[in-house]
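Student: Here the sequence shown stands for residues 0 to 289, numbered as in numbering that gives the first Met the number 0. In this text, a Cβ means the ideal position worked out from N, Cα and C, and glycines have one as well.
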Amino acid sequence: MQDFIISTDAADLPQEYMQEHNIETLSLYYTIDNETYGPGYPGKQTPQEFYQKMRDCFVPKTMQVNPEQAYSRFKPWLEQGKDILHIAMTSAASGSYNSVRLAAQELQEEFPERKIYVIDSLSGTASEALIVHKAQCLRAAGKAIEEVRQWVRDNIKHFCLYGIVDDLGHLQRGGRVSKLTSFLGTAMGMKPIFHLNDKGELVVCGKVRGRKQALCEIVNSMERCVGSFLSQNDTVFITHGDCIEDAKYVAQLIEEKFGIKRFIMNFIGPGIGSHSGPGAVVLGFLGEHR
């Protein structure tokens, strides 16, 4: 097996998965109810507590990974003789990719014999998790870091993300939809369907009335996009804003429609959950197009 580090930021993988497969993470800091959470801060908060705070009308503020944080995390790995492949959240939504890239450039000068690759995933949460998973599978199969990097770069636009939110107000506060769209959608009971486009930008691509219909629609979106990549979807990733039963319902629909039986589910982390809010459900899969 090739000996290199795979790290990520907003992939929202379960902690057990990270530990089992030796995936490292650069945590995104956030502040809610006047308390900051992240490495170096004493406070701890479960995902359920985070989303309950949002339900109680506290508005979180997130902070991207900064170059100093990336530098301090990467340097010990390099000193141990490890190469690094870092998969970052889409640069269209966060400055973390650029921060890590700057840290990598500085460290490359200090460790010219090591390989440090930073990839803009053009994804987040469930689809970023799927990218990390595929990279880990290639590493476990003995592929060299250069091969894994190239495969990910060649296939990034095949990693699809579709999702729904329960409350348009969170997306509106984050600048993802207009105030008018938020007001009209809430008043009419409309649920937006959103996805990440080829530039990694969050785009509202449709609206349906009612939550159950919206959950069905993201599965329909998978059917429209998956094409010849169906056989490559041995594992589908679903993340959620503290609504596990809805995530399970989406998994049930996918199993009935496609015969896929393996799902990895987890909470949407604060980095993205601050914008998507409680009740969001996000689906990550491989498709012919986004």
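Helix, strand or coil for alanine 69 per DSSP?
Tutor: Helix, per DSSP.
Student: Measuring only the C-alpha atoms, how far is lysine 43 from isoleucine 271?
Tutor: Cα to Cα, the separation comes out at about 18 Å.
Student: Can the beta-carbon of isoleucine 83 be found closer than 8 Å to that of valine 131?
Tutor: Not a contact, by the Cβ cut-off of 8 Å.
Student: Using only alpha-carbon positions, find the residue among Phe266, Gly286, Gln231 that is nearest to lysine 260.
Tutor: The candidate whose alpha carbon is nearest that of lysine 260 is Gln231.
Student: Looking only at its chain, what residues have a beta carbon closer than 8 Å to the beta carbon of arginine 72, apart from the 5 residues adjacent to it on each side?
Tutor: So the list reads Ser6, Glu23, Leu25, once near-sequence residues are dropped.
Student: Taking just the CA atoms, how far does glycine 123 sit from alanine 102?
Tutor: Their backbone Cα atoms lie some 21 Å apart in a straight line.
Student: For serine 273, tell me which candidate among Pro38, Glu255, Gly240, Thr45 has the shortest Cα-Cα distance.
Tutor: Among Pro38, Glu255, Gly240, Thr45, the Cα nearest to that of serine 273 is on Gly240.
Student: Helix or strand or just coil, what does DSSP make of histidine 85?
Tutor: Histidine 85 falls in the strand class under three-state DSSP.
Student: When you compare only the Cα positions, how much space is there between valine 58 and serine 95?
Tutor: Using only the alpha carbons, I get a separation of about 21 Å.
Student: From the DSSP output, read off the bridge partner residues of isoleucine 5.
Tutor: According to DSSP, isoleucine 5 bridges with Ile22, Leu84.
Student: Is the number of C-beta pairs between the segment 149-163 and the segment 273-284 that are closer than 8 Å three or more?
Tutor: Yes, they touch.
Student: Can you tell me whether leucine 183 is buried or exposed? The criterion is at least 16 other CB atoms within 10 Å of its CB, across all chains shown.
Tutor: For leucine 183, the predicted model reports a pLDDT of 46, less than 50, meaning its position is unreliable and no value from the coordinates is stated.
Student: Over the uninterrupted alpha helix (DSSP H) stretch that includes isoleucine 144, give me the two end residues.
Tutor: Where isoleucine 144 is concerned, the enclosing alpha helix (DSSP H) stretches over 144-154.
Student: Once the 5 residues before and after isoleucine 267 are set aside, which same chain residues still bring their CB inside 7 Å of it?
Tutor: Asp11, Thr124, Thr238, His239, Gly240, Ser275, Ala279, Val281, listed in sequence order.
Student: Which residues bound the beta strand (DSSP E) around valine 235?
Tutor: Start and end: 235-239.
Student: So, are the CB atoms of proline 75 and serine 98 less than 8 Å apart?
Tutor: In this structure, serine 98 does not lie closer than 8 Å to proline 75 by Cβ.
Student: Less than 7 Å between C-beta atoms, sequence neighbours within five positions excluded: which residues of the same chain meet that for leucine 179?
Tutor: Legend: pLDDT at leucine 179 = 43, less than 50; position of this residue unreliable, value from coordinates given subsequently. Excluding positions up to five away in sequence, the list is empty.
Student: Let me confirm a value: serine 220 is counted as buried when at least 16 other C-beta atoms fall within 10 Å, else exposed. Which label applies?
Tutor: Per the 10 Å Cβ criterion, buried.
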